[in-house]
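*Asks:*
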Amino acid sequence: MMIDRKELSLYLHIPFCVRKCLYCDFLSFPIGEVNYVNHMGAQEGMLPLAGRGQMRDYVNLLCKEIALHAPAYKKYQVISVFFGGGTPSLLPPEEMGKIMDAVRASFTLSEDAEITVECNPGTVTQEKLAHYITCGINRLSIGLQSTDDGELARIGRIHDYQTFLGTWRLAREAGVQNINVDLMSALPGQTAESWQRTLERVCALKPEHISAYSLILEEGTPLYVNREDYTFPDEDEERELYYMTERVLSKVGYHRYEISNYAREGKECRHNKVYWKRGDYLGLGLGASSMVANVRWKNPDRYAEYAACVEKAQRTAKELPVREISAGTGAEDFAGCLRGLGLWEVQTLGRQEQMEEFMFLGLRLTEGVAEAAFLKSFGVSVDAVYGETVARFVEQGLLVREGGRIFLTPRGIDVSNPIFAAFLL
Amino acid sequence: MDQSKIRNFCIVAHIDHGKSTLADRIIEQTGLLTSREMQAQVLDNMDLERERGITIKAQTVRTVYQAKDGNEYIFNLIDTPGHVDFNYEVSRSLAACDGAILVVDAAQGIEAQTLANVYLALDHDLDVFPVINKIDLPSAEPERVKEEIEDVIGIEAQDAPLISAKNGIGIEDVLEAIVEKIPAPGGSPDNPLQALIFDSVYDSYKGVIVFCRIKEGRVKKGTKIRMMATGATAEVVEVGYFGAGQFIPCDELAAGMVGYLTASIKNVKDTAVGDTVTDVDNPCAAPLPGYKKVNSMVYCGMYPADGAKYPDLRDALEKLKLNDASLNYEPETSIALGFGFRCGFLGLLHLEIIQERLEREYNLDLVTTAPGVIYRVYKTNGEMIELTNPSNLPDPSEIDYMEEPVVSAEIMVTSEFIGSIMQLCQERRGRYISTEYIEASRALLKYELPLNEIIYDFFDALKSRSRGYASFDYELKGYEQSKLVKLDILINHDEVDALSFIVHADSAYERGRKMCEKLKDEIPRHLFEIPIQAAVGGKIIARETVKAMRKDVLAKCYGGDITRKKKLLEKQKEGKKRMRQIGNVEIPQSAFMSVLKLDDD
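Listed in order, the protein sequences are those of chains Y and X. 0 is the number of the first residue of the first sequence in numbering that gives the first Met the number 0; add one for each residue after it. 0 is the number of the first residue of the second sequence in numbering that gives the first Met the number 0; add one for each residue after it.
#1: Given residue 119 of chain X, which residues of its chain have a CB within under 7 Å of its CB, disregarding the five upstream and five downstream residues?
#2: If you reduce the DSSP assignment to three classes, tell me which class residue 181 of chain Y lands in.
#3: Against chain X, does residue 423 of chain Y count as a neighbour if the rule is that its beta carbon must be under 8 Å from one of theirs?
#4: Note down, in chain order, all residues in the stretch 540-559 of chain X with a beta-carbon under 7 Å from any beta-carbon belonging to chain Y.
#5: Can you find the residues in the same chain that come closer than 7 Å, C-beta to C-beta, to residue 176 of chain X, ignoring five residues on each side of it along the sequence?
#6: Under 8 Å Cβ to Cβ from residue 195 of chain Y, same chain only, skipping five residues before and after it: list those, please.
#7: Cβ closer than 8 Å: which chain X residues qualify as neighbours of residue 282 of chain Y?
#8: Within 10 angstroms of the Cβ of residue 307 of chain X, are there 16 or more other Cβ atoms? Answer buried if so, exposed if not.
#9: How about residue 25 of chain Y and residue 85 of chain Y: are their beta carbons less than 8 Å apart?
#10: Considering only their Cβ atoms, is the gap separating residue 139 of chain Y from residue 116 of chain Y smaller than 8 Å?
#11: Verify whether the separation of the beta carbon atoms of residue 515 of chain X and residue 533 of chain X is less than 8 Å.
#12: Going by DSSP, which residues form a beta bridge with residue 272 of chain X?
#13: Closer than 8 Å, Cβ to Cβ, to anything on chain X: give me those residues from the stretch 347-379 of chain Y, in chain order.
#14: In the DSSP assignment, the beta strand (DSSP E) including residue 141 of chain X goes from what residue to what residue?
#15: For residue 278 of chain X, which of helix, strand or coil comes out of DSSP?
#16: Beta-carbon of residue 333 of chain Y versus every beta-carbon of chain X: anything under 8 Å?
#17: Could you list which residues in chain B have their beta carbon closer than 9 Å to that of residue 580 of chain X, in chain order?
#18: For residue 552 of chain X and residue 460 of chain X, I'd like the C-alpha separation in whole angstroms.
#19: Which runs of the alpha helix (DSSP H) fall wholly inside the stretch 350-422 of chain Y and span at least 4 residues, in chain order?
#20: Within the chosen definition, does the stretch 262-270 of chain X reach the stretch 96-111 of chain X through at least 3 CB pairs nearer than 8 Å?
#21: Between X/380, X/428, X/225 and X/435, which has its C-alpha nearest residue 412 of chain X's C-alpha?
#22: At a Cβ cut of 7 Å, what residues of the stretch 567-578 of chain X count as close to chain Y, listed as they run along the chain?
#23: Excluding sequence positions up to five away, which residues of its chain have a Cβ less than 6 Å from the Cβ of residue 266 of chain Y?
#24: Which first and last residues belong to the beta strand (DSSP E) in which residue 239 of chain X is found?
#25: Residues of chain Y with CB under 9 Å from residue 344 of chain X, in chain order?
#26: Would you call the stretch 251-265 of chain X and the stretch 226-239 of chain X in contact, with 3 or more CB pairs under 8 Å?
#27: Could you have a look at residue 488 of chain X and say whether DSSP puts it in helix, strand or coil?
#28: Given this structure, state the Cα-to-Cα distance separating residue 67 of chain Y from residue 313 of chain Y, to the nearest angstrom.
#29: Please name the residue or residues paired with residue 302 of chain X in a DSSP beta bridge.
#30: What does residue 210 of chain X pair with, by DSSP beta-bridge criteria?
#31: Can you tell me whether residue 504 of chain X is buried or exposed? The criterion is at least 16 other CB atoms within 10 Å of its CB, across all chains shown.
#32: For the ligand ZN, is there any heavy atom lying closer than 7 Å to the beta carbon of residue 117 of chain Y?
#33: Using CA coordinates, which residue listed in Y/373, Y/385 and Y/129 is at the minimum distance from residue 93 of chain Y?
#34: Run through DSSP, which three-state label would residue 116 of chain Y get?
#35: Indicate the three-state DSSP secondary structure (helix, strand or coil) for residue 332 of chain X in the structure shown.
#36: For a contact meaning CB atoms closer than 9 Å, what does residue 270 of chain X contact in chain Y?
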């Protein structure tokens, strides 16, 4: 019976953090530093009441939203849940419990669902982790970024390397067997030596998964605004660091499966692959993005507007869902219903847009896109739509076409944006 | 109208010395217009002209002045263009006048253009009287300027009105001087019609509106007229004079008067400036002297940035041509730029004005190729071709020799900058003729310069090397044999025809090098390395390389990033659309434009 169900992934946004990092352009708000636990594991202070109250209100709203939207997804089973932020690990255990209870009450969770919580060093205790695990959390994604304390300080991280090690130990001791570590290359002041040291230290811990991002200077962030004050690796150095990542990690058993993601065999992040393979995902919480049945939309970024959407959904609960969502039919009705709720950027993807996304998201994966899957989805061959484009990039050594797949060469990864742009019709 | 109460005059001045402002004051303080009706500058009613602070098209105003002698006088103030590109139009406007007011800036004194214009006015036997403007400036030296006028030009200046056109000081003195010092027109209304065309504009209802000065005879509705040089004939529909910014019909125009006529003429080509209008039934014996066909001096290719806009560009040029007989164009095709036109202009300013009007008034996005002059190519088979497009240069083996146009130039400069200006002229292959000291601290340099050396950036270079003090005037002298070569630009080994140009052999290397450097900065990095080469006769003389793009990759793309990321890719794709594809290389429009400005400093 479960076999017939369509797959759905849930993204739950927790917009709280201790303090904004200098490169961060995510939708998150600092709630004060007192709830931060240092690497010794000693609790420096309780979460201030205001912060707790704020989180409790938010979680209540989120739980309401989960319950309201769920009936539309009866025919789906949830294969992954991802708590992203912000710093979701700031959630007190009971709040996490409430959310997971709401998810279970409203959705069908597959038995082997991957349930990830993003976590910053120093924000969890043994008890908290134990409770998370009881709730069903089975994967942690820890934001380390670097093992060099100078580099960490320069980008405004809230922790040092020792703090991370403390959190790491707690996680393993609590029995979390699937852990990702986030790293960043091209940080100000970073050298080939320091990056290699970071990679090697992390490899020694044997996490199941490593995400290694080359720093993106996002407009408006303090790091961007004050960029003249920092020394960043130049283009050549930046690419060297990127190549080094693959060299070092592949030697110890991690394979790159996406531009910035590396995993041990079978430990690729199920949730994130949904984005690149265009699976259905429902984003809940402030500013969260969704794509279901080829309709994209997002929740409002502004808290009052988001709350109003949830309230409105509650008032019109009887009409919600207009109908159960099924791919291919009634996309416009579905989109209209979403617009009616005041959701943002509701967009029905036409066949052409679906093809474009299929290519530029699929090509992020090192396995690339399967020509058969394209044919199956769209009823035409890749050649019929993109023959010339693919041939040109193959000739330029930027794409490889073999075994029924098309994927980027290492040089193709370096210049993937213009390649992706060429796949826009 | 009593002929003795008419005054036909113009104002001559250097740019910025206050010609248009004085014209405004004259109009303001005479009849026909109240202050409230005044636009900031009534005469310059094209936006473009106002922005550039110059007058492109001659315009004329008739006003009524109540003089101190108790009589009412008709003033026809004929405006003249103020740039060397439009010298011929200036000369025709002057020929329509009987006198001229010379405006000289009280601080800056006489400049090269002032001299050129005054001599032009004196050549036309105009009575010239000076006024000293901007006397309220702290740096004003009216006495020194008066002396300078007397010494240099040789006209009486001691009783010159001292005015500030801007602040309305001394305007009454100017009006009285007009009555006293400018002669009344001659001619008899009973003679056969002889009228000088000094301008024309196209009106979609009335057809061409011909601006003319009646030298002899009379013209009215129903008169059958003939343009003596072009041979065109027509029947007059309306005659009238010029209110400020409007046409006021009247019964007839008679000898001594300045006004307009319409005759359902469809094309300004038929009413060439300088031509003589006469009566078909009672023609005059001979046309007025001084007519000459105006030739384009500078040519360039103009292409629509968006190839689909070619018909729009054609229509726009057609419309501009209706009003501007000195604009020439014919269709041409470039491998790099597609369909466009080779356009001929009086000079670079004229080119820039047309370009701006096309962009502004017709909303066209243009790509313009490097402007060039007309070269004469003498082939070994005895044939001679006038070359306006470098791409049409015959194979070197078929060329016997080539000639290029040369101008006589006069540069006025303060003595401290003589050295650097002489050096500039030397660099531009100038032939030194003479130096005349106008006063102790100021000299008039005379040079002969190849036209192709001054059409790009000579004026800018002149200004920058003299801190703005030098002024410049030139006229075509003739053609001279010269060692010329075609410089080709190759991008990724493909020759880009739109970037080719003719250059003197001695400057080929320098220009080629600069072109390559400039293009290197303009062409964005591609997925592959792009060599940019300059070549003469197939031999590479300079090279730069646009390195391959090192990286353009987005590290993160998760569920919430996709929409934004797609917009980013779309923007990238849009940017490409606006570029020209040459082989595998996309060249931004700006690259074609940037090579037009290769000045050193």
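Ideal Cβ placement from N, Cα and C applies to all residues, glycine included.
*Replies:* Taking the coordinates as given:
#1: The residue labelled residue 119 of chain X in the question sits at position 120 within the second sequence. Counting only Cβ-Cβ distances below 7 Å, and skipping sequence neighbours, we find 89, 90 and 93.
#2: Position 182 of the first sequence, counted from the start, is the residue given in the question as residue 181 of chain Y. Three-state result, residue 181 of chain Y: strand.
#3: Locating residue 423 of chain Y in the first sequence gives position 424, counting from the first residue. Taking Cβ atoms only, chain X reaches closer than 8 Å to residue 423 of chain Y, which makes this a yes.
#4: Result list: 548, 549, 550, 551, 552, 553, 554, 555, 556, 557, 558 and 559.
#5: Residue numbering aside, residue 176 of chain X sits at position 177 when the second sequence is read from its first letter. Within the same chain, 128 and 160 come within 7 Å of residue 176 of chain X by CB-CB distance, once the 5 residues on both sides are set aside.
#6: Residue mapping note: residue 195 of chain Y aligns to position 196 of the first sequence, counting from 1. Correct list, in chain order: 243 and 247.
#7: Working through the first sequence from its first residue, we reach residue 282 of chain Y at position 283. Near residue 282 of chain Y (Cβ distances below 8 Å), the residues of chain X are 558 and 559.
#8: For the purposes of this step, residue 307 of chain X is identified with residue 308 of the second sequence, where counting begins at 1. Classification of residue 307 of chain X: exposed, given that the 10 Å Cβ count is below 16.
#9: Here residue 25 of chain Y is taken as the residue at index 26 of the first sequence, counted from 1. Here residue 85 of chain Y is taken as the residue at index 86 of the first sequence, counted from 1. Result yes, Cβ atoms of residue 25 of chain Y and residue 85 of chain Y sit closer than 8 Å.
#10: Here the question's residue 116 of chain Y lines up with position 117 in the first sequence. Here the question's residue 139 of chain Y lines up with position 140 in the first sequence. Cβ atoms of residue 116 of chain Y and residue 139 of chain Y: closer than 8 Å.
#11: As a first step, residue 515 of chain X must be located in the second sequence, where it is residue number 516. As a first step, residue 533 of chain X must be located in the second sequence, where it is residue number 534. Yes. Within cutoff.
#12: The residue you call residue 272 of chain X lines up with position 273 of the second sequence. BP columns for residue 272 of chain X are empty, so no partner.
#13: 355, 356, 359, 360 and 363
#14: In the second sequence, residue 141 of chain X corresponds to position 142, counting from 1. Segment 141-147 is the alpha helix (DSSP H) holding residue 141 of chain X; no beta strand (DSSP E) there.
#15: Against the second sequence, residue 278 of chain X aligns to sequence position 279. Residue state, collapsed to three classes: strand.
#16: Residue mapping note: residue 333 of chain Y aligns to position 334 of the first sequence, counting from 1. No, residue 333 of chain Y does not count as interfacial toward chain X.
#17: Protein chains in the displayed structure are Y and X, and chain B is not among them.
#18: As a first step, residue 552 of chain X is located in the second sequence; it is residue number 553 there, counting from the start. As a first step, residue 460 of chain X is located in the second sequence; it is residue number 461 there, counting from the start. When rounded, the distance between both Cα atoms is 43 Å.
#19: Qualifying alpha helix (DSSP H) stretches, in chain order: 350-361, 370-377, 381-394, 409-413 and 415-421.
#20: no
#21: For this step, residue 412 of chain X is matched to residue 413 along the second sequence. If we check each option's Cα against that of residue 412 of chain X, X/435 comes out closest.
#22: 568, 569, 571 and 572
#23: Counting from 1 along the first sequence, the entry for residue 266 of chain Y is found at position 267. Correct list, in chain order: 207 and 208.
#24: The residue given as residue 239 of chain X occupies position 240 in the second sequence. Its beta strand (DSSP E) spans residues 237-242.
#25: On the second sequence, residue 344 of chain X is found 345 positions in, with the first residue counted as 1. Within chain Y, not a single residue places a beta-carbon under 9 Å from that of residue 344 of chain X; the smallest gap is close to 39 Å.
#26: yes
#27: Within the second sequence, the letter at position 489 stands for residue 488 of chain X. DSSP places residue 488 of chain X in strand when its eight states are reduced to three.
#28: Here residue 67 of chain Y corresponds to residue number 68 of the first sequence, with the count starting at 1. Here residue 313 of chain Y corresponds to residue number 314 of the first sequence, with the count starting at 1. Whole-angstrom Cα-Cα distance: 7 Å.
#29: Translated into the one-based positions of the second sequence, residue 302 of chain X becomes position 303. X/366, per the DSSP bridge assignment.
#30: On the second sequence, position 211 is the one that residue 210 of chain X refers to. Partner(s): X/198 and X/259.
#31: Translated into the one-based positions of the second sequence, residue 504 of chain X becomes position 505. By the 10 Å Cβ count, residue 504 of chain X comes out exposed.
#32: Ligands are entirely absent from the displayed structure, and the ligand ZN is therefore not among its contents.
#33: As a first step, residue 93 of chain Y must be located in the first sequence, where it is residue number 94. Distance from the Cα of residue 93 of chain Y is smallest, within the candidate group Y/373, Y/385 and Y/129, for Y/129.
#34: Indexing the first sequence from 1 puts residue 116 of chain Y at position 117. Three-state result, residue 116 of chain Y: strand.
#35: Within the second sequence, numbered from 1, the residue matching residue 332 of chain X stands at position 333. Three-state result, residue 332 of chain X: strand.
#36: For this step, residue 270 of chain X is matched to residue 271 along the second sequence. Neighbours of residue 270 of chain X on chain Y: none; closest Cβ ~54 Å, over 9 Å.
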